[in-house]
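What follows is a short report on a single structure.
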Amino acid sequence: MDIEKIKSGMAKGRSASLFPALSESRREERATSILLATFAVVPDFARAVLADVGAPIGKRAKVDCFAEVEFKGNNANLRPDGLISVSSGGREWAALVETKVARSELTAEQVEAYLDIAREQGFDAVITIGNQFAALPSHHPVKVNKAKTRKVQLFHFSWLSLISRALLLIERKNFTDPEQVFILKELVRYLQNDAAGIISGVRMSGGWRGVVERVHQNAPLGKNDESVAEAVSDWLQLLRYLSIRLSLALGENCTAAMSRKHAADPAARLADNINEVMQAQELNAALVIPNAAGKLNLSVSFLRKTIDLSISMAAPKKEGIRQRTAINFVLKQIKSFEGDDLTIYVDWPGRVPSTSLPIRAALDDEEFDRLLPDNLREPPTAVRLVRVIDLGVGKLKSRSGLPEITEDEVLRFYRQVVQGLKQWKPSPPKIKAAESERPASQQPSENRGTVLGRVLDTLDKEAGDGHSEESEVPEIKDDGS
65 MDIEKIKSGM
75 AKGRSASLFP
85 ALSESRREER
95 ATSILLATFA
105 VVPDFARAVL
115 ADVGAPIGKR
125 AKVDCFAEVE
135 FKGNNANLRP
145 DGLISVSSGG
155 REWAALVETK
165 VARSELTAEQ
175 VEAYLDIARE
185 QGFDAVITIG
195 NQFAALPSHH
205 PVKVNKAKTR
215 KVQLFHFSWL
225 SLISRALLLI
235 ERKNFTDPEQ
245 VFILKELVRY
255 LQNDAAGIIS
265 GVRMSGGWRG
275 VVERVHQNAP
285 LGKNDESVAE
295 AVSDWLQLLR
305 YLSIRLSLAL
315 GENCTAAMSR
325 KHAADPAARL
335 ADNINEVMQA
345 QELNAALVIP
355 NAAGKLNLSV
365 SFLRKTIDLS
375 ISMAAPKKEG
385 IRQRTAINFV
395 LKQIKSFEGD
405 DLTIYVDWPG
415 RVPSTSLPIR
425 AALDDEEFDR
435 LLPDNLREPP
445 TAVRLVRVID
455 LGVGKLKSRS
465 GLPEITEDEV
475 LRFYRQVVQG
485 LKQWKPSPPK
495 IKAAESERPA
505 SQQPSENRGT
515 VLGRVLDTLD
525 KEAGDGHSEE
535 SEVPEIKDDG
545 S
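When we follow my numbering, the leftmost residue of the sequence shown carries the number 65, and every step to the right adds one.
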């Protein structure tokens with residue numbers, strides 16, 4: 065790839081500007097120029113984004129960005145919104161950029177046209193940015209002809225994911241240049257401002273509404289039915305949206321759990337989820353949150369018209385632990401829970417069925433015994449906390465209402481349940497009492513005052529404390545709730 069050759073092939077284009085002199089009606093061009101200019105002046109932000117698309121973005125990389133580019137010999141109506149070039153250690157890389165704002169969506173025809181231009185001009189990639197969501201940058205929300213991506217890679221970012229990456233960088237406070245922090249904060253402020261007209265929330269498609277109605281009417285779903293594929297695509301976009309909203313609320317990078325197979329092949333992920341709808345009329349997923357006691361599981365049931373939120377924790381594995389003690393390890397962590405819509409499930413070894421109680425009943429000493437199975441002395445294997453949100457047909461098929469309800473409930477469940485939980489960890493071993501209780505005068509004389517002696521003293525003190533350092537579970541900030 066030859067950056068100079070690409071630049072010489074440009075008929076029009078200007079360096080991206082933080083303060084573009086453009087009319088208010090040209091929101092896409094303004095947003096693109098400001099974003100690309102921020103890449104050029106805040107290297108850490110450029111690295112946080114472009115590393116995911118294969119750019120050679122080391123600490124000494126040179127990033128150049130242009131806006132409103134046009135190429136010689138191409139249709140003047142096909143004008144990509146921007147161009148990014150990166151040079152580092154003899155390597156060169158370049159990508160075309162196309163953006164959409166508000167409710168404008170990318171089309172296959174437009175994306176394929178830009179892939180053709182990128183191939184003809186020698187680009188490495190095409191990057192699209194908009195309010196459609198992708199689980200990974202390589203999982204593009206628009207289906208294009210595979211032949212178009214043989215020589216040019218295709219990536220996608222949502223505006224919200226870029227805001228999340230910027231805020232995470234600011235939160236970690238690794239900047240030495242206060243001006244870069246200021247610019248990044250101003251970018252976030254601009255993109256989030258309603259008056260700028262950049263961001264729009266996720267919406268479910270007509271396909272989602274169609275699947276909800278057909279399941280409600282007991283009408284059959286066809287595996288090759290386009291509405292089923294649309295509904296699954298909506299679900300995958302909603303998952304990405306929720307993971308970003310959690311990231312923004314926590315200041316930590318949260319992601320949707322995904323197998324290696326699905327990460328490598330988005331088509332397989334789509335197909336497996338379609339099968340799930342066909343077989344069980346439901347969709348299941350999990351959100352991964354740093355240092356949390358477990359994944360935040362969520363599922364939507366078209367049949368029951370519910371959203372289920374849950375977290376599963378392995379029961380304490382201490383030798384000889386009583387059943388009641390193992391269950392109480394979890395209950396004590398949520399004893400201040402005030403709602404009535406949480407249920408505790410206890411899983412037992414072998415074929416013993418799970419037991420369950422509403423959380424209020426489980427916290428009552430007289431009701432607690434109903435969680436303990438008859439004729440079993442072994443401790444439980446896991447404890448699950450589950451909240452079921454009954455939506456009804458109307459809310460479940462609502463194009464904008466469902467994402468809003470799901471977001472509110474996920475944040476509520478995390479705040480009230482997940483962020484207060486910690487997995488059980490065995491205590492560190494203690495020095496045997498007979499040895500630790502010996503007076504100092506009876507300790508071996510060669511150890512007293514030596515490095516070894518001091519290490520033993522430290523170990524004895526730490527063992528007595530009965531705990532070790534562990535990572536904190538992130539809490540939702542007041543301004544992110």
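The beta-carbon is built from N, C-alpha and C at its ideal position, and this holds for glycine as well.
Buried or exposed: Pro144, going by 16 or more other Cβ atoms within 10 Å of its Cβ?
buried
Once you ignore the five residues that flank Pro467 on each side, which residues in its own chain have a CB closer than 8 Å to its CB?
Gly265, Val266, Arg267, Met268, Leu302 and Tyr305
Out of Val450, Ala172, Lys359 and Asn348, which one is the CA nearest neighbour of His204?
Ala172
Roughly how many whole angstroms lie between the Cα atoms of Val450 and Asn288?
The alpha-carbon atoms of Val450 and Asn288 are separated by roughly 33 Å.
Locate the beta strand (DSSP E) running through Pro422, then write down its first and last residues.
Thr419 to Pro422
Out of curiosity, what's the CA-to-CA distance linking Arg434 and Ala321?
34 Å
Would you mind reading off the limits of the beta strand (DSSP E) that contains Trp488?
Element bounds for Trp488: n/a, residue is neither H nor E.
So for His6, helix, strand or coil by DSSP?
Because the chain in this structure spans residues 65 to 545, residue 6 falls outside the shown range and cannot be described.
For Arg236, tell me which candidate among Gly315, Gly194 and Lys126 has the shortest Cα-Cα distance.
Looking only at Gly315, Gly194 and Lys126, the smallest Cα-Cα distance to Arg236 is reached by Gly315.
Between which two residues does the beta strand (DSSP E) harbouring Leu147 extend?
Gly146 to Ser152
Assuming Gln345 is part of the alpha helix (DSSP H), what are its boundary residues?
Element bounds for Gln345: n/a, residue is neither H nor E.
Look up Glu294 in the DSSP assignment and give the residues it is bridged to.
DSSP, once it has assigned bridges, lists no residue as partnering Glu294.
Would Gln217 pass as an interface residue toward chain C - the criterion being a Cβ-Cβ separation below 9 Å?
No chain C appears in this structure, which consists of one protein chain only.
By how many angstroms is the C-alpha of Ile371 removed from the C-alpha of Thr470?
8 Å
According to DSSP, is Gly216 part of a helix, a strand, or is it coil?
Looking at the sequence itself, residue 216 is Val, so the reference to Gly does not match. In this structure, Val216 counts as coil in the three-state DSSP scheme.
Please state whether the Cβ-Cβ distance between Phe219 and Val190 is less than 9 Å.
yes
Give the DSSP-derived three-state secondary structure of Ile469 in the structure shown.
helix
Between Val457 and Asn282, what straight-line distance do the alpha-carbon atoms span, to the nearest angstrom?
13 Å
In terms of alpha-carbon separation, which member of Arg94, Val537 and Pro422 lies closest to Arg479?
Val537
In this structure, does DSSP put Asp108 in helix, strand or coil?
Of the three classes helix, strand and coil, the one that applies to Asp108 here is helix, per DSSP.
Only counting the same chain, and skipping five residues up and downstream in sequence, which positions put a Cβ closer than 8 Å to that of Thr407?
Ser420, Leu421, Pro422, Ile423, Leu449, Val450, Arg451 and Val452
At the level of alpha carbons, what is the spacing between Leu436 and Thr389?
11 Å
Whole angstroms is fine: what's the gap from His280's alpha carbon to Arg273's?
11 Å
Looking at the unbroken beta strand (DSSP E) that takes in Lys126, where does it start and where does it end?
Lys126 -> beta strand (DSSP E) spans Lys126 to Phe135.
Assuming Ser365 contacts Glu346 (C-beta within less than 8 Å), just tell me the rounded distance between them.
4 Å
Using alpha carbons as the reference points, say which of Asp429, Phe103 and Asp438 lies closest to Val416.
With respect to the C-alpha of Val416, the residue from Asp429, Phe103 and Asp438 having the closest C-alpha is Asp438.
Alpha carbon to alpha carbon, how far is Leu367 from Asn348?
13 Å
Give the C-beta separation of Gly73 and Val165 to the nearest angstrom, bearing in mind that I take them to be a contact with Cβ-Cβ under 8 Å.
Contact flag wrong, Cβ pair sits at about 28 Å.
Distance check for Thr213 and Arg333, CA to CA, integer angstroms please.
19 Å
Counting only the same chain and skipping the five closest in sequence on each side, list residues whose C-beta sits under 7 Å from that of Ala327.
Leu200
What residue range does the beta strand (DSSP E) around Asp180 cover?
Taken as a continuous stretch (DSSP letters only), Asp180 belongs to no beta strand (DSSP E), being part of the alpha helix (DSSP H) at Ala172 to Gln185.
Mind pulling the beta strand (DSSP E) runs of 3 or more residues that sit fully within the region 385-466?
407-411, 419-422 and 446-454
With H, G and I counted as helix, E and B as strand and the rest as coil, what does DSSP make of Arg155?
strand
Counting only runs that start and end within the region 278-336, where is the alpha helix (DSSP H) found for 4 or more residues in a row?
290-314 and 324-328
Please report how far the alpha carbon of Ala293 lies from the alpha carbon of Lys494, in whole angstroms.
57 Å
Return helix, strand or coil for Gly24, following the three-state DSSP convention.
Residue 24 lies beyond the range of the chain shown here (65 to 545); nothing can be said about it.
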